[in-house]
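Residues 1 to 714 (the numbering used here) are what the sequence shown spells out, left to right. Quick reminder that beta carbons are idealized off the backbone N, C-alpha and C, glycines included. These figures come from a predicted structure and were not determined experimentally. Structure first, commentary second.
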Amino acid sequence: MTKQKKDLKGFQDISLPTAIILVIAASLCFANSYDGEFVFDDSEAIVTNEDVKDAPMYKIFENDFWGTKLSHKQSHKSYRPLTILTFRLHYLVRGYLDPRDFHTVNVILHILVSVLTLFLYNILLGESSGNVAFYAAMLFAVHPVHAEAVAGIVGRADMLCALFMWISILLYRKSIFVAGSFTKWMNMTLSMLCIMMSMLCKETGITAIGICCVYDLVVVNKLLPIDMVRCLRQMCSDETKESLAVNYGALVGRIKTLSIAGFFLLLLRFSIMGFSPPRFQLVDNPASFVEPLPMRVLNFNYIYSLNAWLLLCPEWLSFDWAMGCVPLIHGLDVRILAVLALWIVLGSFCYYVSSEKHSGQLSPTIMGLALLMIPFLPATNLFFKVGFVLAERTLYIPSAGFCLLFAIGFQRLIEQCNGCSRTLLSLYFVLLAVFFARSWIRSAEWKTEKTLFRSALNVCPLNAKVHYNVAKNAADKGDSAHAEIEYNEALRLHPEYAQAMNNLGNLLKDRQRYYEAEKLLKRAVEIQSDFAAAWMNYGIVLAALKKPEESEKSYLTALSHRSKYPDCYYNLGVLYLEQRQYDKALMAWENATRQKPNHKRAWTNMILLLDDLGYGDKALSVGNKALKYLPEEASIYFNIGNILGKAGKFEEAEKQFNHAISRDSSNPNFYTNLGVLYHRWNKHRKAERMYTKALGINPNLQSARDNLKKLRIG
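Structure follows, in structure tokens:
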């Protein structure tokens, strides 16, 4: 085969009908997720992340995936600016965040990755491709473990990472077989750039370097593990060195290039992290805190076996696997058998690939193992602690290796069972149908937080975080009674769950059960002393209990832990207002609006307080400044109208009231106050019409009734 033909191998062998079947399968099994909501991690990574909306573009490259500054002690150090840029593009095009746009693009990305996976399998399998690539690609396209990556919008990071990884491997292969040194180095450079882009979508992207190395050794140069051992043994001989230099000089050059690129990419990644690892809490990844070391390793291995089980039987699927979902192993435990089973299987694979008698069939198996294990390395806790126990979306890329190994084994069975090939093919298509149905059902569960969180109760009933999220969703929907039950269950399962204490305390505060709320919030800040939100809520409760000094101290403590906290400044201002410390109140609200220019309540309170203090001109100035940030906020126009009306500037006041009414025609107070203006202006017919409109909206509005009565009597 010529170099040109080799270069095309993997592309020309894929027929259009094959690609169409793959596209249909990949799109349909997750198609019902297109109209889903923003759920779970989407809220933090997209909805509340200013980097996705109005923050300066350069902030995307300074902050982590969740919008936290990389240098902040609470940063997860997950640096994925290219993924955030795709989220930002949605906002720039649409002008607001529409989850349907995000979900549609995610499904399209999965289709692209699935098609590229077919090309990838073709080149990784080399001459022995046959139907194996198609069997594997179809399984990859419909695998239910991908539901989180496709139906959960933050899973886009994994799909973009896979997309650039696959392209980088295809370009790397092209750099080997294409003619001309310039073209070779151009493709090699593009391959390295794609690896960097993959890494900037998600950290896993750097593992493409390892896959390229294995591909070059095993598929291109046909060096099996036993051959590599022989080469190492013979390297002492000068004659052997010369022979190796002649035969494998190009290979050594490419491996050096990959090694140098890998070194600089790792250096770049660690410099972005500030050469310090992220800090996670016990609840995020309990196994990483287990002592002694052998027991920690055992727990890690049990988690690996669970990952393997999800690939084999993706029935237990949960949005979160922390906090009791995977109980720790502390001694003799039946679950150790799962660890033994995992290592027996892996050991068998290692023995198989190290033997010589199957040398003609080893390359595909080794590539399947490489594709499975190398991208999984960042999630193993071997190099640094990760912030999760098990995350299904981290299996998106490794599952490509699993599917390839499955297809290789399946093809081997067909070849060895001549009389039962139809039966085996029927079973394969049944498996595809089962996986398709499971993917369809699972992606439907990802459409709303209610269905997502409730589905996890069946898988992880001992997971406090699941109950916490069920409670949070119930509270958001106004079902405070159910929310209280679920928060209490979360605290029963995990008595030191500070976030659950904070939310339950907040819920009880809103229901005016202040003493219960005080107890919970006090305990929350004792457990987590830098919990800014809990300190603020504690301050609100203390203010309600008439403990102003303690309340002020709580607010200031919250601000010491989170300097950019406009809601805390707002509440601090309310406390100062109640204490008649007006200058401090104005200063606090000014800080709130400086940090959050569209903070309506802070602007409104400043306007009203300045007006009450007799500073009408200052109040008007603040009101006009507020309109620059809140041009559609009816209440601002209403307050400006009131100030102008009191100053006798009737025409200007009338305009402001009409602006307010045009933006909110359902507020009876707007019509009432405009009626008062007309009443004072001696435009009695207009005044009567306004009072009547106000009473049409709210017949029980006493001020409108009294003013209308005065108008008719007078």
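- Non-local beta-carbon contacts of V52 in its own chain, meaning distances under 7 Å to residues more than five positions away in sequence, involve I46, I84, F87, R88, Y91 in chain order.
- Its Cα nearest to that of R580, the residue D612 stands out among T593, K709, D612, D567.
- By the Cβ test, the stretch 433-452 is in contact with the stretch 27-41, since at least three Cβ pairs between them sit closer than 8 Å.
- Distance from the CA of N700 to the CA of V326, rounded to the nearest whole angstrom, comes to 58 Å.
- As the crow flies, the alpha-carbon of M138 is around 12 Å from that of V113.
- Ranked by how close their Cα comes to the Cα of V389, the residues Q656, P286, A653, M373 have P286 in first place.
- Taking a cut-off of 8 Å for Cβ pairs, the stretch 428-437 and the stretch 140-150 touch, as three or more such pairs fall below it.
- With 16 or more other Cβ atoms from the protein chains shown falling within 10 Å of its own Cβ, F164 counts as buried.
- Taking a cut-off of 8 Å on C-beta distances, the stretch 466-482 does not touch the stretch 174-186, as fewer than three cross pairs fall below it.
- For secondary structure counted as the alpha helix (DSSP H) over 4 or more consecutive residues, the stretch 503-567 holds these complete runs in sequence order: 514-527, 532-544, 548-561.
- Here G539 is buried: its Cβ has 16 or more other Cβ atoms, across all protein chains shown, within 10 Å.
- Classified as buried, G205 has 16 or more neighbouring CB atoms from the shown chains inside 10 Å of its CB.
- Non-local beta-carbon contacts of N301 in its own chain, meaning distances under 6 Å to residues more than five positions away in sequence, involve V339 in chain order.
- DSSP places A141 inside the alpha helix (DSSP H), whose first and last residues are 132-142.
- For I414, same chain residues with a beta-carbon under 8 Å away, outside a window of 5 residues either side, are S421, L424, L425 in chain order.
- Counting only residues of its own chain and dropping the five nearest sequence neighbours on each side, Y248 has a CB closer than 7 Å to the CB of N221.
- The stretch 594-609 and the stretch 625-644 touch, with no fewer than 3 CB-CB distances between them shorter than 8 Å.
- Under the Cβ criterion (8 Å, minimum of three pairs), the stretch 529-539 counts as touching the stretch 555-563.
- When DSSP states are grouped into helix, strand and coil, N642 belongs to the helix group.
- Shown here for N673: same chain residues with a beta carbon closer than 8 Å to its own, the five before and five after excluded, namely F638, G641, N642, G645, F657 in chain order.
- Shown here, N463 sits in coil according to DSSP, grouped into three states, outside any helix or strand.
- The residue from V154, F61, T48 with its alpha-carbon nearest to that of V105 is V154.
- Here N63 carries a strand assignment [DSSP, helix/strand/coil].
- By the criterion of a C-beta distance shorter than 7 Å, A524 is surrounded in its chain by A498, M501, N502, G505, F531, A534, once the five residues flanking it on both sides are discounted.
- Shown here for L377: same chain residues with a beta carbon closer than 7 Å to its own, the five before and five after excluded, namely T207 in chain order.
- Taking C-beta separations shorter than 6 Å and ignoring five residues to either side along the sequence, the partners of L200 in its chain run P81, L82, following chain order.
- In this structure, DSSP gives K69 an extended state, which the three-state scheme calls strand.
- By the criterion of a C-beta distance shorter than 8 Å, V459 is surrounded in its chain by W316, L317, S318, C325, once the five residues flanking it on both sides are discounted.
- Within the stretch 140-188, the alpha helix (DSSP H) runs of at least 4 residues that lie entirely inside it are, in chain order, 147-151, 156-177.
- Annotation for L125: the continuous alpha helix (DSSP H) segment containing it runs 99-125.
- Exclusion of the five residues before and after D54 leaves no residue of its chain whose Cβ lies closer than 7 Å to its Cβ.
- Along the length of the stretch 553-632, whole alpha helix (DSSP H) runs at least 4 residues long occupy 566-578, 582-595, 600-612, 616-629, reported in chain order.
- In the displayed model, R492 falls within a helix according to three-state DSSP.
- By the C-beta density criterion, W166 is buried, having at least 16 other C-beta atoms within 10 angstroms.
- In the DSSP annotation of this structure, the continuous segment of the alpha helix (DSSP H) that includes Y302 starts and ends at 293-312.
- A379 sits buried, since 16 or more C-beta atoms from the chains shown fall within 10 Å of its C-beta.
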